[in-house]
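Everything in the sequence shown is counted per my numbering, starting at 1093 for the first residue and increasing by one. Cβ atoms here follow ideal geometry from the backbone N, Cα and C, with glycine treated the same way. Nothing here was measured: the structure is a model prediction, and the numbers come from that model.
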Amino acid sequence: MRRPGSRRTTFSWAAAATAGVLALTACGGGADKEDEPARGGTTAPGPTVELPKLTGEKLEVAAVWTGAEQENFTKVLKEFEKRTGATVTFVPAQDPIVTVLGSKIAGGAPPDVALLPQVGALVSAVQNKWAQPVGPEAKAQLDANYSAGWKTLGAVEGTQYGVYYKAANKSLIWYNAKAFEAAGVKPPTTWEELLTAADTLSASGTPAVSVAGADGWTLTDWFENVYLSQAGPEKYDQLAKHQIKWTDDSVKQALTTLGELFGRKDFLAGGASGALATEFPKSVTQTFTGGDRPAAAMVFEGDFVAVNIAQTEAKVGTDALVFPFPAVGAKSPVVSGGDVAVALKPSKGAQALLTFLASPDAAEIQARLGGFVSPNKAVDPAAYPNDIQRGIAKALIAAGDDFRFDMSDQAPAAFGGTPGAGEWKALQDFLANPSDVAGAQAKLEADAAKAYGN
């Protein structure tokens, strides 16, 4: 786990992201021709890392990615095949991925590499003696291309096991520009302004927010942003480690605040029941379809929302704009997430793939396709397809080690990463009944105590 930072450094990325993203929003995605690189980065540079020849070797790579995200990553694997001669098969997995991997390992058929979406999953893989330490070639790429914070997140008890291939800024709200314009609403900067904007939007005939309540992980992100901004980074770190209980007054305050939004059925696309039936991809696409009458005017989630916007006719930077999660307390929050690649077999091919994923060569392929941000500081900003994605990526790199990682991803998977259980289920129940704050707290604490063992 990464050592907690100070209050001052925690919010430095927030400040950078706020300035960068609001500037992009205000200009509708335009760029300064003299300062910005050519749009889209369509021409790939030559290789920066040497890979071994693996002719005839077959690899399997497991991840929970689906749809466009899976398709885009498959293109990265195709380049690895081209450069090494190996054959790579993508193996779709479901959350909790630790359970899926456990079944495959028990059956004697683990994938060569897995991309784990939670820090807790990495720790479990190491504790179960599934994971292989990172080899010298991949380690060299990490040392050259990554800040200490991201390397530490991929280490367990001082040994490097993982390569953070993909990162996410999970503190963004994407909005339908036409819906905002029709209602005369501007991007809010505080929670109070967000509620006022939601009221105006809903009164105009367009529900304010599309909430992906069918996917419990999105609700954990809602909570974490409110909690980080309102309770502060010290409390955030304590709750992430279960050093304070979920019955703490700070949790009560955050849930009460979140209930101000979730408790207004007219604010939510389809009301609470509609939100609970909406999966993440639909939460995005229904916000950016329907002309000037979309199902909702806003959708909250990370930079990867751009992948799903690309499935519609809306264009990021013109039809689809973004603003930072509004400040609930003194500062806007910035919560990060990420996917860490781990070798599960002691093979030359697995280590070669980790080396490739730690290089800018792999990240730049997926960056060009959109909906992707890399923590690799050697990635050329020109690889990102638009100014909004480029600004988000620059803010991430500029932050260095100063960020807070997704709280639920730090938790044991039984609490923070299992569909229909733990935090996911408790927050879905809260979305259905936002007035029952005490009941939600009691359920969260009972599940957390069981998962953490304390």
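DSSP three-state label for residue i, please.
i, result
"A1328", "With the sequence shown as reference, residue 1328 is identified as Tyr, and Ala is not the correct amino acid for it. Note: Y1328 maps to helix in three-state DSSP."
"R1482", "helix"
"Q1403", "coil"
"R1496", "strand"
"I1265", "strand"
"G1514", "helix"
"F1272", "helix"
"F1165", "helix"
"V1301", "strand"
"T1140", "coil"
"A1306", "coil"
"Q1252", "strand"
"E1152", "strand"
"Q1502", "helix"
"Q1210", "coil"
"V1408", "strand"
"K1061", "The displayed coordinates of the chain run from 1093 to 1546. Any statement about residue 1061 would go beyond what the structure contains."
"A1389", "coil"
"V1218", "helix"
"L1446", "helix"
"A1247", "strand"
"L1360", "strand"
"A1240", "helix"
"A1422", "coil"
"Y1319", "helix"
Where residue i and residue j are concerned, what is the direct C-alpha to C-alpha distance, given to the nearest angstrom?
i, j, result
"E1152", "T1251", "24 angstroms"
"G1429", "L1234", "18 angstroms"
"T1140", "R1175", "12 angstroms"
"Q1533", "G1148", "54 angstroms"
"F1354", "G1366", "12 angstroms"
"D1340", "Y1328", "12 angstroms"
"A1387", "E1161", "24 angstroms"
"Q1458", "P1477", "10 angstroms"
"F1396", "A1361", "21 angstroms"
"K1170", "T1281", "42 angstroms"
"A1230", "K1145", "16 angstroms"
"F1448", "V1211", "21 angstroms"
"T1510", "S1195", "16 angstroms"
"V1113", "G1200", "Unreliable placement is indicated for V1113, whose pLDDT of 48 sits below 50; the coordinate value is still reported in the next sentence. Cα to Cα, V1113 sits roughly 47 angstroms from G1200."
"A1389", "T1158", "25 angstroms"
"D1498", "G1308", "14 angstroms"
"A1543", "A1442", "31 angstroms"
"E1173", "S1439", "16 angstroms"
"K1333", "S1321", "18 angstroms"
"L1193", "K1344", "36 angstroms"
"P1228", "K1535", "45 angstroms"
"T1181", "A1206", "12 angstroms"
"L1403", "G1382", "According to the sequence displayed, residue 1403 carries Gln and not Leu. Approximately 13 angstroms, taken between the alpha carbons."
"T1377", "I1401", "6 angstroms"
"A1115", "A1538", "The predicted position of A1115 is uncertain, since its pLDDT is 41 and thus under 50; a value taken from the coordinates is nonetheless stated next. Distance between the alpha carbons of A1115 and A1538: 44 angstroms."
Smallest Cα separation from residue i: which of the options?
i, options, result
"D1453", "K1150, D1528, V1168", "V1168"
"F1165", "A1487, D1539, A1433", "A1433"
"K1262", "G1463, D1329, A1518, P1473", "G1463"
"K1270", "S1466, F1396, I1457, V1414", "V1414"
"F1380", "K1170, W1266, Y1319, I1197", "W1266"
"A1474", "R1460, L1207, W1309", "R1460"
"Q1224", "L1445, K1278, T1158", "L1445"
"F1495", "S1239, H1334, F1359, D1204", "S1239"
"Y1256", "L1208, V1303, A1236", "L1208"
"R1385", "N1400, N1268, P1325, T1404", "N1268"
"G1241", "K1517, G1492, A1524, A1398", "G1492"
"T1526", "N1546, V1190, F1315, E1163", "Looking at the sequence provided, one finds Pro at residue 1526 rather than Thr. Selected option, being the one with the closest Cα: F1315."
"K1486", "V1156, S1466, A1505, G1421", "S1466"
"Q1219", "A1247, D1204, N1237", "A1247"
"D1431", "A1260, L1488, A1538, Q1330", "A1260"
Since residue i and residue j should fall inside the 8 angstroms C-beta cutoff, what is the C-beta to C-beta distance between them, to a whole number of angstroms?
i, j, result
"T1312", "G1508", "7 angstroms"
"P1202", "L1436", "5 angstroms"
"L1287", "A1275", "That belief does not hold up - the Cβ atoms of L1287 and A1275 are roughly 14 angstroms apart, past 8 angstroms."
"V1318", "A1346", "5 angstroms"
"A1412", "T1370", "That pair is no contact at about 18 angstroms."
"D1472", "G1409", "Between G1409 and D1472 the Cβ distance is about 19 angstroms, and since that is not below 8 angstroms, they are no contact."
Locate the alpha helix (DSSP H) running through residue i, then write down its first and last residues.
i, result
"Y1544", "1529-1544"
"L1286", "1283-1295"
"T1191", "1189-1198"
"Q1557", "This structure leaves residue 1557 out entirely; the chain is present only between 1093 and 1546."
"D1453", "1452-1461"
Under DSSP, the beta strand (DSSP E) around residue i begins and ends at which residues?
i, result
"F1182", "1179-1184"
"D1431", "1427-1435"
"P1567", "The structure shown does not extend to residue 1567, since the chain spans only 1093 to 1546, so no value can be given for it."
"K1337", "Neither: K1337 is in no beta strand (DSSP E) and is coded neither H nor E."
"F1396", "First-last for F1396: undefined, no H or E at that position."
"V1376", "Note, V1376: premise wrong, no beta strand (DSSP E); alpha helix (DSSP H) at 1372-1377."
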